[in-house]
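All remarks here apply to the structure that follows.
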Amino acid sequence: PRAQVALAWLLTKPGVTAPIVGATKAAQLDAAIAALEVKLAADEIARLEAPYVPHPVLGHQ
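Residue numbers (this note's numbering): 18 to 78.
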């Protein structure tokens with residue numbers, strides 16, 4: 018499921034230790050926990066990140 022892939026990707030990022038999943042049902046929580054077993058290869062991570070274009074941060078600095 019896409020949500021599991023998204024969580025698995027998020028957990029590959031340094032500094033992310035506890036993503037907030039917002040589960041409201043036991044099945045959603047089970048799916049989120051199952052994401053811990055999803056291991057993404059480097060090429061899969063690259064494919065997920067390819068569309069991302071960084072933008073400068075605006076506002077208070």
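C-beta: ideal position from N, C-alpha, C; glycine also.
This structure is a prediction, so every number in the text was calculated from the model and none was measured.
A residue is called buried when at least 16 other Cβ atoms come within 10 angstroms of its Cβ; alanine 67 does not meet this threshold and is exposed.
Secondary structure of alanine 63 (DSSP, three-state): helix. Around the beta carbon of alanine 59, fewer than 16 other beta carbons sit within 10 angstroms, so the residue counts as exposed.
Non-local C-beta neighbours of isoleucine 62 in its own chain, meaning closer than 7 Å and more than five positions away in sequence, comprise Trp26, Thr29, ordered along the chain.
Leucine 24 is a Cβ neighbour of proline 36, given a cutoff of 8 Å.
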